[in-house]
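S.K.:
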Amino acid sequence: MSSMAMFKDDVYVGKLSLDQAILINMFLKTIHSTPFDIGVDAKPLEKYLQNFLSGQDNETIQLNGKIIKGRTNTKIVDSKQLKFQTDVTIQMNLLELSRELDLANEEVTSTLEEQIEKQVKKQYEELLTQTQKMKADPFGYGEIYRINKNNGELKRDQWHELYPEIDVDYKVDVKIVEYGTIR
């Protein structure tokens, strides 16, 4: 499998990468034991980096890990303004890093978790924008909106027009549970 097809009703409107498909899958259900690769900004971790090797990318640190448990919880904050809040919780094992860090140091681990949180939030925001352009809602925000409407009625065409206007605040919490071979 190389990508995920996006449909609006029964019409193909685009495709998403497998990394984006993992984000959608985590949105729709709790995921377990899922490979997870991400690049984070190296600057906040600069003072903790060890043994710089020439030829390495100075700006990012690539991480390879496994999501032990990943889930989301979404609520509508303001139905008139189409504002939602999605809480993303990820517990993960860190298997490899492209740069050497002392993860036994809690300050290092905490800073790394913050950088992963920022990157996951950015990925969700970019994915939302991309799907809004397609007017295809793989997340199910329309269903949450419909459930919270007074009369519970919402036609597909109505939601296709409203979906590009929604605003979602993603709150991401990442916890590195274990770390293995780092390099």
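By our numbering, the letter at position 49 of the sequence shown is numbered 447, and the numbering carries on one by one without gaps. Backbone N, C-alpha and C define an ideal beta-carbon position, used for all residues, glycine too.
Helix, strand or coil: which one does DSSP assign to A419?
M.R.: By one-based count along the sequence shown, residue 419 stands at place 21. In this structure, A419 counts as helix in the three-state DSSP scheme.
S.K.: Figure out for me which residue from S401, N546, I420 and Y561 has the closest Cα to the Cα of Q521.
M.R.: Here residue 521 refers to the residue found at position 123 of the sequence shown. Answer by Cα proximity: I420.
S.K.: Would you be able to state if there are at least three C-beta pairs under 8 Å between the region 496 to 509 and the region 409 to 417?
M.R.: The region 409 to 417 is not in contact with the region 496 to 509.
S.K.: By how many angstroms is the C-alpha of D417 removed from the C-alpha of I474?
M.R.: Locating residue 474 in the sequence shown gives position 76, counting from the first residue. Locating residue 417 in the sequence shown gives position 19, counting from the first residue. So the alpha carbons of these two residues sit roughly 26 Å apart.
S.K.: Among the candidates F537, I465, K441 and E512, whose CA atom is the shortest distance from the CA of V566?
M.R.: For the purposes of this step, residue 566 is identified with residue 168 of the sequence shown, where counting begins at 1. Of F537, I465, K441 and E512, the residue nearest in Cα terms is F537.
S.K.: Check each candidate in E494, Q489 and Y446 and name the one with the smallest Cα separation from V518.
M.R.: Start at 1 with the first residue of the sequence shown, and residue 518 comes out as number 120. With distances taken between Cα atoms, V518 lies closest to Q489.
S.K.: Specify, as a first and last residue, the run of the alpha helix (DSSP H) that E512 falls within.
M.R.: Mapped onto the sequence shown, residue 512 falls at position 114. Element bounds for E512: E504 to M532.
S.K.: So the candidates are P442, Y543 and M424; which of them puts its Cα closest to the Cα of I514?
M.R.: Translated into positions along the sequence shown, residue 514 becomes position 116. I514 has its Cα closest to that of P442, out of P442, Y543 and M424.
S.K.: Going by DSSP, which residues form a beta bridge with V409?
M.R.: On the sequence shown, residue 409 is found 11 positions in, with the first residue counted as 1. Paired residues: K406.
S.K.: If you draw a straight line from the alpha carbon of L525 to that of E576, how long is it in whole angstroms?
M.R.: For this step, residue 525 is matched to residue 127 along the sequence shown. For this step, residue 576 is matched to residue 178 along the sequence shown. If you take the alpha carbons of L525 and E576, they lie about 28 Å apart.
S.K.: Does the distance from the CB of G463 to the CB of I574 come in under 9 Å?
M.R.: Numbered from its first residue, the sequence shown carries residue 463 at position 65. Numbered from its first residue, the sequence shown carries residue 574 at position 176. The answer is yes: Cβ separation under 9 Å.
S.K.: Does the distance from the CB of M404 to the CB of A534 come in under 9 Å?
M.R.: For the purposes of this step, residue 404 is taken as the residue at position 6 of the sequence shown. For the purposes of this step, residue 534 is taken as the residue at position 136 of the sequence shown. Against a cut-off of 9 Å, the Cβ pair of A534 and M404 comes out as a contact.
S.K.: Pick out whichever of S400, R497, L552 and R544 has its Cα sitting closest to the Cα of Q448.
M.R.: Within the sequence shown, numbered from 1, the residue matching residue 448 stands at position 50. Nearest C-alpha to Q448: R497.
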